[in-house]
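The sequence shown begins at 1 in UniProt numbering and counts up by one.
Glycine included, each C-beta is placed from N, C-alpha and C at the ideal position.
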Amino acid sequence: MRWTLKPKPDPEKVNSLSKALKIEPLIASLLVQRGVETFEEAEKFFRPNLDNLHDPYLMKDMDKAVLRIQKAIENEEYILVYGDYDVDGTTSVALLSSYLKSYYPNVSTYIPDRYNEGYGVSYKGIDYAEDNGFSLIIALDCGIKAIDKVGYASEKNIDFIICDHHRPGKEIPKAVAVLDPKRDDCFYPYKELCGCGVGFKLIQALAEKRGLQLEDLLLYLDLVATAIAADIVPITGENRILAHYGLKVINSNPRTGIQAILKQVKKEKLTITDVVFIIAPRINAAGRMKHGNHAVALLTETDFEKAQTYAAEIETFNTDRREADKQITEEALQQIIANKEEARKTTVVYQENWHKGVIGIVASRLTETYYRPTLVFTKSGEKLAASARSVKGFDVYNALESCSEHIEQFGGHMYAAGLTLFEKDFENFKNEFERVVSETIDPHLLTPEIRIDTEINLQDITPKFFRILKQFAPFGPGNMTPTFMTQNLMDTGWGKCVGEDKTHLRVVVKQGNSNQFTGIGFGLADKQDIACGGKPFMAAYCIDENEWQGNISLQLRLKDIR
1 MRWTLKPKPD PEKVNSLSKA LKIEPLIASL LVQRGVETFE EAEKFFRPNL
51 DNLHDPYLMK DMDKAVLRIQ KAIENEEYIL VYGDYDVDGT TSVALLSSYL
101 KSYYPNVSTY IPDRYNEGYG VSYKGIDYAE DNGFSLIIAL DCGIKAIDKV
151 GYASEKNIDF IICDHHRPGK EIPKAVAVLD PKRDDCFYPY KELCGCGVGF
201 KLIQALAEKR GLQLEDLLLY LDLVATAIAA DIVPITGENR ILAHYGLKVI
251 NSNPRTGIQA ILKQVKKEKL TITDVVFIIA PRINAAGRMK HGNHAVALLT
301 ETDFEKAQTY AAEIETFNTD RREADKQITE EALQQIIANK EEARKTTVVY
351 QENWHKGVIG IVASRLTETY YRPTLVFTKS GEKLAASARS VKGFDVYNAL
401 ESCSEHIEQF GGHMYAAGLT LFEKDFENFK NEFERVVSET IDPHLLTPEI
451 RIDTEINLQD ITPKFFRILK QFAPFGPGNM TPTFMTQNLM DTGWGKCVGE
501 DKTHLRVVVK QGNSNQFTGI GFGLADKQDI ACGGKPFMAA YCIDENEWQG
551 NISLQLRLKD IR
C-alpha cells in the first residue's frame, strides 16, 4: 500500500472557517481540504437544499426534449422508454416511465437483452418499437454513440430523445434532442450526473411546465440515489443534493419495490455504502442473470405482495450471481498464473463460456489481486465482449481509444468501460492494450493508494468529533470518508487474528495515556507481527461505530499498518 498524506490546507483559511463556524481547527481543516472554505459553502455542504439544484433548461436540447414529449402527449402517440440493463439504466427507466404514466397512459418500457442485444440501443429494440406503433423512443443511460441506430429509427419515422452521461464520440446522433452534460457544446454547470440524474432533470423540466414544484418529485429520488451510489459518480454538487434527499426517501418512505428488497435483508437505516452493497447488487442481478425487465417490474410495482414475489426472485438471481462470480474469478486467477502473466501491467483474460452478466464484477475482483487495468472477455454471439476496470488515476477509456483499430465497439468512463471485438483480433488487441498501458501509466498507479486526510492523535477522537464527521455524509467519490493516520500506537496485549479463516486482525490500542480503542483490519492478518510485536506502530484508518449487545462504541477501521 502506498500512503499519501494530503497537503495541509492554507492555515489562514482553516482559522477563518474555524471562527466562522465555531468549530475546532481539525474539522475546519478537513472541510477546507474538501473545497469548503466559507460559511455559505459550509451551509450548502452540511445542509443540501433542493433550491440549489440547477435549472434543467440550462442543459442543451432540454427545451427540444420537452416540446417533443408534449407533442407526443397532445397527439396521443405511443412512447417507449428505453434503458440499459444495469442499475443506472433500470432505475432511469423506472423513474421516467412511472413519472409519465402518472398523467399519460400510452407509455411502455424496453430493456435490451444483455445476451441477444448487448449494451445500448439495439436494432431489435427499434424493430420492436416499429412493430408496436411507437413513434417516440426516449433512451436513458445509453445512446450517445448510437449514430447508425438513430438513423435507422428515423427511416422508420421513429424519433429519439437521448438522455446519457457517457462521453460522446466525435459525432452526436441526429436525434430530436440529445441530453448529455458531457457534450462539448453543453454548458450545463454540473457535468457528473449519472444517467438517472439526467432522467431526473428531464422530469424536473416536464414538471415545471405542468406547474409542479420540486417537492412534488421527492418520491422519485430513492431511484436517483440508488443510481448515484451504484454508478460510483462523484457525490459532489447536484449529486450530493440528490443523494442526500434520496437517502431520506429510502429511509422513510421508499417505493414499494425497495421496501420489498429491504424486508428481505432486514436492514433499517441505510447509508450510501449500504445502497452500494445491498440494494444495487440485487437490482443489477436481474440484468446480469436473467433480464433487466425484472428490475423495472420490481421498481415500478405498487402492490406490496407482488413486489415481495419479484424481490424473492431477484434474491435468487443475486445468489446465482455470487456463485458465478466466485467461480469465474478463481478460473481467471488460475489463467493468469498458467500464462505466466503475473508481472504484466495489464490483466486481459478470456474464456468463451464465462457468464457475460458477471464479467464486470470479476474484472473488479481481479484488480483487488493484481492492481492494474483489467479486461475480462467472454463469447457473445459471433463476437467477444469484455468489461474493463481501471485503477485510480488511470483513464482506461483513453487506453481503449488508442487500441480502437482492433475494437469493433466500445464506450464508458475513465474507470469502467465495455467493448466488443472479433475473435481474430483478440491477441492483437491484448498485446496492443499491454503496450499502450505500459507506455502511458505512471508506475506509482500500479500500487494501491491510501489517501490520508490528516494525522491525528487518539485523544482527538471524541463522540462530538465523530458526530460532526457523520454529517460529512453522504460519502463517495469526491467526498470520501475521512482517513486518518496515527503514530506510536501500542497494542494492549489483546491483538489477535479473527474470522472464520483467521484473515482479519483485531487489536486494542492506546497512544501514551490515551483511552483504548478497538481496531479491526479486514484482510490484515499478515500485519499481526507488526501490531502485536510489542513495538510502536502507525496505522491508517477510518473511524466508525461498533454496536455490540446494545452498546455503541467508536472503533478504528484499519486500512493498513506500518
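Just curious, the alpha helix (DSSP H) that residue i is in, first and last residue?
{"i": "S108", "result": "S108 -> not in any alpha helix (DSSP H); beta strand (DSSP E) instead, spanning V107 to Y110."}
{"i": "R2", "result": "Element bounds for R2: not the alpha helix (DSSP H) but the beta strand (DSSP E), R2 to L5."}
{"i": "F433", "result": "F426 to T440"}
{"i": "L221", "result": "L221 to D231"}
{"i": "F46", "result": "F39 to F46"}
{"i": "R322", "result": "F304 to A338"}
{"i": "V296", "result": "N293 to T300"}
{"i": "G197", "result": "G195 to K209"}
{"i": "A399", "result": "V396 to S402"}
{"i": "L96", "result": "V87 to K101"}
{"i": "P11", "result": "P11 to L21"}
Where DSSP assigns a beta bridge to residue i, which residues make up the other side?
{"i": "S387", "result": "V376 and G418"}
{"i": "W548", "result": "N551"}
{"i": "L139", "result": "According to the sequence as given, residue 139 is Ala; it is not Leu. In DSSP, A139 forms a bridge with Y82 and I162."}
{"i": "T346", "result": "Looking at the DSSP assignment, T346 forms no beta bridge with any residue, so it has no partner."}
{"i": "I450", "result": "W3"}
{"i": "F134", "result": "Y78"}
Could you tell me the distance, in whole angstroms, from the CA atom of residue i to the CA atom of residue j?
{"i": "M414", "j": "T374", "result": "13 Å"}
{"i": "residue 573", "j": "F317", "result": "A question about residue 573 goes unanswered here, because the residues of the chain that appear run from 1 up to 562."}
{"i": "S252", "j": "I452", "result": "34 Å"}
{"i": "F429", "j": "I147", "result": "25 Å"}
{"i": "residue 567", "j": "G411", "result": "There is no way to answer for residue 567, as the model of the chain reaches only from 1 to 562."}
{"i": "D274", "j": "E74", "result": "42 Å"}
{"i": "E24", "j": "L445", "result": "34 Å"}
{"i": "F537", "j": "K6", "result": "20 Å"}
{"i": "S16", "j": "M480", "result": "24 Å"}
{"i": "E352", "j": "D320", "result": "19 Å"}
{"i": "K13", "j": "G521", "result": "35 Å"}
{"i": "L247", "j": "L223", "result": "10 Å"}
{"i": "G476", "j": "R34", "result": "12 Å"}
{"i": "V93", "j": "Y350", "result": "32 Å"}
{"i": "G478", "j": "V233", "result": "9 Å"}
{"i": "E130", "j": "H166", "result": "27 Å"}
{"i": "D10", "j": "T454", "result": "14 Å"}
{"i": "Q264", "j": "E434", "result": "44 Å"}
{"i": "E43", "j": "Q471", "result": "12 Å"}
{"i": "N488", "j": "P168", "result": "51 Å"}
{"i": "V296", "j": "K290", "result": "13 Å"}
{"i": "V498", "j": "G195", "result": "41 Å"}
{"i": "E545", "j": "I552", "result": "6 Å"}
{"i": "I530", "j": "L524", "result": "11 Å"}
Check whether the Cβ atoms of residue i and residue j lie closer than 8 Å to each other.
{"i": "I314", "j": "W354", "result": "no"}
{"i": "G118", "j": "C163", "result": "no"}
{"i": "V437", "j": "T346", "result": "yes"}
{"i": "V66", "j": "K174", "result": "no"}
{"i": "L212", "j": "V249", "result": "no"}
{"i": "T90", "j": "G292", "result": "yes"}
{"i": "I137", "j": "L80", "result": "yes"}
{"i": "S122", "j": "I158", "result": "no"}
{"i": "S387", "j": "T420", "result": "no"}
{"i": "L140", "j": "L96", "result": "yes"}
{"i": "I203", "j": "Y220", "result": "yes"}
{"i": "T226", "j": "I279", "result": "yes"}
{"i": "residue 565", "j": "Q528", "result": "The structure shown does not extend to residue 565, since the chain is modelled only from 1 through 562, so no value can be given for it."}
{"i": "V396", "j": "S390", "result": "yes"}
{"i": "D180", "j": "V87", "result": "no"}
{"i": "R282", "j": "D325", "result": "no"}
{"i": "K535", "j": "I450", "result": "no"}
{"i": "K201", "j": "P56", "result": "yes"}
{"i": "K356", "j": "Y103", "result": "no"}
{"i": "L298", "j": "A311", "result": "yes"}
{"i": "L554", "j": "F426", "result": "no"}
{"i": "A205", "j": "M62", "result": "yes"}
{"i": "L469", "j": "S514", "result": "no"}
From what residue to what residue does the beta strand (DSSP E) around residue i run?
{"i": "G169", "result": "Taken as a continuous stretch (DSSP letters only), G169 belongs to no beta strand (DSSP E), as it is neither H nor E."}
{"i": "A177", "result": "A177 to L179"}
{"i": "G412", "result": "Q409 to G412"}
Is the CB of residue i under 8 Å away from at least one CB in chain C?
{"i": "A28", "result": "In the displayed structure, chain C is absent; only one protein chain is listed."}
* In chain order, which continuous runs of the alpha helix (DSSP H) of length 4 or greater are located wholly inside the UniProt domain "RecJ OB" (452 to 560)? -> 463 to 470 and 528 to 531
* Would you mind listing the alpha helix (DSSP H) stretches within the segment 236 to 272 that are 4+ residues and don't spill past its ends, in chain order? => 237 to 252 and 256 to 265
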